[in-house]
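Reviewing the structure listed below.
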């Protein structure tokens, strides 16, 4: 009762809000100097934005996800915990884990916010997670507590308190809602879209730019019609037209070279790479990449692009999905090790050093490489010529 009274004070009512279907939602265009209207839908039609969001979402969706339990011997996967099954197998009845996390990260990168409704069974355990599109959610803050008003026509509409929603957000200027990166970078995205449109229109006109035909004299109707017929036929066949009657061609526009179209498109790709924290070579810009530095750029992609997003997911999930006190012994882990493995030579040197120095055993290495364990390979090894200074070897 107190909760309903609280909602009425801020103009909200639990599970009985006015429904507005998603199809009625109209995106707002962002005006910018490039002359191209930019919103979340049109931005995805720019290949660099589409590729950036796809690469980030698919990489995060492909990461192994598990619930780890701290034990006396270390951490082990809590396969019997209900949250582990939801994160590792199936979050709800209509999505698999890959589709679920790819959608969430697309919402996060495209709108700056991602929302998940937490559904619990009669015992209070998490039974499913339902993602909600950011355009349908309005978060608000009242006396230090966040509430979420959700509109729609699928039975999920209503008002939810903070314990019922996982809210993942990007950079925020108010601490309540993340900013929309497409809106805040509409100028840069619009420049890239304008360059693409210019190229499309240039080729659509057969590679011709705006120009005029001028002559010092005057043409009669017969001469004019005869000239235009010859000129139009040669232009359609991409032939060099013969200018008769002293007519000269004068260009009014600028060539793609003068407009630096290719350089502009390359710079736009770098802009998108900066917005989404991606190495440019992942967007097919190899102007600053070599075979020797691409591997290091891939590692930086994991460290500075994926890792912050992964931590954002882990912290929010641990805070909302576990019971009070569980977070002391249970943790959610998105495993990034597979993306940091490097090439065969680098992995071989890493494993060799770990086994030789005694902090990895051979079965652990086989497990990391996806191989079955073998008997007798659990023992840790150490170099026989290394001993602690001042002490004798115990086996001696």
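In my numbering, the protein residues as written are 3 to 398. For each residue, glycine too, the CB sits at the ideal point set by N, CA and C.
Helix, strand or coil at residue i according to DSSP, with G and I counted as helix
i, result
"residue 191", "helix"
"residue 197", "helix"
"residue 2", "The structure shown does not extend to residue 2, since the chain is modelled only from 3 through 398, so no value can be given for it."
"residue 373", "coil"
"residue 173", "coil"
"residue 53", "helix"
"residue 101", "helix"
"residue 379", "coil"
"residue 38", "coil"
"residue 269", "helix"
"residue 326", "coil"
"residue 178", "coil"
"residue 76", "strand"
"residue 120", "strand"
"residue 133", "strand"
"residue 95", "coil"
"residue 106", "helix"
"residue 163", "strand"
"residue 143", "strand"
"residue 285", "helix"
"residue 153", "coil"
"residue 341", "helix"
"residue 348", "helix"
"residue 307", "helix"
"residue 363", "coil"
"residue 88", "helix"
"residue 261", "Caution is warranted here: a pLDDT of 49 is assigned to residue 261, below 50, making its placement in the model unreliable, and no coordinate value can be reported."
"residue 68", "strand"
"residue 229", "helix"
Beta-carbon gap between residue i and residue j smaller than 7 Å
i, j, result
"residue 271", "residue 50", "yes"
"residue 303", "residue 281", "yes"
"residue 187", "residue 277", "yes"
"residue 384", "residue 356", "no"
"residue 116", "residue 106", "yes"
"residue 103", "residue 54", "no"
"residue 313", "residue 70", "no"
"residue 141", "residue 178", "yes"
"residue 68", "residue 83", "no"
"residue 72", "residue 331", "yes"
"residue 375", "residue 363", "no"
"residue 329", "residue 320", "yes"
"residue 250", "residue 225", "no"
"residue 346", "residue 57", "no"
"residue 108", "residue 59", "yes"
heavy atom of the ligand ATP below 6 Å from residue i C-beta
i, result
"residue 370", "As presented, the structure is devoid of all ligands, the ligand ATP included, so that no description of it is given."
Supposed close pair residue i, residue j - CB separation, criterion 8 Å
i, j, result
"residue 110", "residue 170", "6 Å"
"residue 184", "residue 175", "Wrong, their Cβ atoms sit about 16 Å apart, outside the cutoff."
"residue 113", "residue 42", "7 Å"
"residue 195", "residue 367", "Going by Cβ atoms, the distance from residue 195 to residue 367 rounds to 48 Å, so no, they are not a contact pair."
"residue 118", "residue 167", "7 Å"
"residue 120", "residue 381", "With 8 Å as the limit, residue 120 and residue 381 do not qualify as a contact, their Cβ atoms being about 45 Å apart."
"residue 338", "residue 65", "7 Å"
"residue 279", "residue 236", "Not a contact, Cβ separation roughly 51 Å."
"residue 161", "residue 149", "6 Å"
"residue 342", "residue 301", "6 Å"
"residue 152", "residue 158", "6 Å"
Cβ neighbour criterion (16 or more within 10 Å) applied to residue i
i, result
"residue 147", "exposed"
"residue 373", "exposed"
"residue 193", "buried"
"residue 198", "buried"
"residue 310", "exposed"
"residue 154", "buried"
"residue 358", "exposed"
"residue 2", "No statement about residue 2 is possible, as the shown extent of the chain runs from 3 to 398 and does not include it."
"residue 234", "exposed"
"residue 45", "buried"
"residue 275", "buried"
"residue 427", "The structure shown does not extend to residue 427, since the chain is modelled only from 3 through 398, so no value can be given for it."
"residue 180", "buried"
"residue 227", "exposed"
"residue 61", "buried"
"residue 123", "exposed"
"residue 325", "exposed"
"residue 377", "exposed"
"residue 156", "exposed"
"residue 287", "buried"
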